[in-house]
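I have placed the structure first, in the form of C-alpha cells, so that the comments after it can refer back to it.
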Amino acid sequence: LNDNEKSLSEEQLKEYIGNVLKNPKRILNASSKVSSKAELMLTLKKTPKLIEKIKKLSPESFLVGFKLLKGVSEEELISVAKELSKNKGCNLVLANDMDKIQNDRHEALLLNEGCVIGRYNTKKEIAKGIVQRMFNGTSAETETGSMTTGDCL
C-alpha cells in the first residue's frame, strides 16, 4: 500500500482488497501471444501485507498467522512468532524453519500467546492441529509431547 492507501477508511480498504483479489495487476495480456524470439524481463512487485488489516476489518475473525524463517534457532523462531501474534492480533501462529522442511517432513511449531501448544512433523499433522485448535479452543496445553522449559516465553 502506498501512503495514500494507508489512510483509507474501512469501506475503502475493503473495496481495495476486493479489487486486488479480483483484478491482480499484470503486464502480459492473455489475448496476445508473446514472441519466443524476444527476451522477456519480469519485474515483480511486493503484494500488500493484508494480515495487519484483518483484525481491524473483522475483530471477531479467528486469525492464524504463518511465519517461515531460515536457519534460526527454535528460541528465535518462537520469539518472532510471538511478535507476529502480538503485532497482528493472531489467535495462533504456525512457525517453521525452511531448513527443517524436506520431502514428506515438515517440522513446525504452533503457538498461542507466545506458548508452544503443538509440535508437528508433517503437513497433515499441521493442518489437523490448526483445525483442532480453531474449533476446540486455544488453551496452552500441548498437543504433542510435554512442555519443556522455554516453550512458553
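Going from the sequence shown to my numbering is simple: count from 1 and add 2.
By construction, the Cβ of each residue, glycine as well, lies at the ideal position given by its N, Cα and C atoms.
All of these numbers come straight from a predicted model, not from anything done at the bench.
For Ala83, the uninterrupted alpha helix (DSSP H) segment begins and ends at Glu76 to Lys90.
Met100 sits away from Leu79, with the two beta carbons spaced by 8 Å or more. For Leu15, the enclosing alpha helix (DSSP H) covers residues Glu12 to Lys24.
Annotation for Lys55: the continuous alpha helix (DSSP H) segment containing it runs Ile53 to Leu59. The alpha carbon of Gly73 has as its nearest neighbour, out of Ala129, Lys24, Ile103 and Leu52, the alpha carbon of Ile103.
In its chain, beyond the 5 residues on either side, Asn93 and Met136 have a beta carbon closer than 6 Å to the beta carbon of Phe64. Excluding its 5 nearest sequence neighbours in each direction, Ile132 has C-beta neighbours in its own chain below 8 Å: Val66, Leu94, Leu96 and Leu112, listed in chain order.
Per DSSP, reduced to three states, the secondary structure at Lys130 is helical. In the three-state DSSP reduction, Lys102 falls in the helix class (H, G or I).
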